[in-house]
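Novice:
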Amino acid sequence: MNNGIRTEERMVVGLDVHKDTIVAAVLPPQAERARETVTIENTPTAVAK
């Protein structure tokens, strides 16, 4: 039973897109800093993976 109280947790995903690379960062709920960042080449093959 939730007593009518709705709680939400949101995860934020950010993309920093440049000509040669894309950096993706994940900010979990209530975190102050990104917990995971990934850098990939900005090519159709790399993005498709």
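Heads up: the sequence shown begins at 3 in our numbering, then just goes up one per residue.
Built from N, CA and C at the ideal position, the CB exists for glycine as well.
Using a Cβ-Cβ cut-off of 7 Å (strictly less than) and excluding sequence neighbours within five positions of V28, which residues of its own chain qualify?
Specialist: Counting only Cβ-Cβ distances below 7 Å, and skipping sequence neighbours, we find M13, V15, A36, R37 and E38.
Novice: Measuring alpha carbon to alpha carbon, tell me which of A50, I42 and N5 ends up nearest A20.
Specialist: Correcting the residue identity first, residue 20 is His in this sequence and not Ala. With distances taken between Cα atoms, H20 lies closest to I42.
Novice: Cα separation between I24 and P30?
Specialist: Going from the Cα of I24 to the Cα of P30 covers about 20 Å.
Novice: Taking DSSP as the reference, what is the three-state secondary structure of T45?
Specialist: Here T45 sits in coil by DSSP.
Novice: Using the three-state DSSP reduction, which class does A26 fall into: helix, strand or coil?
Specialist: Residue state, collapsed to three classes: strand.
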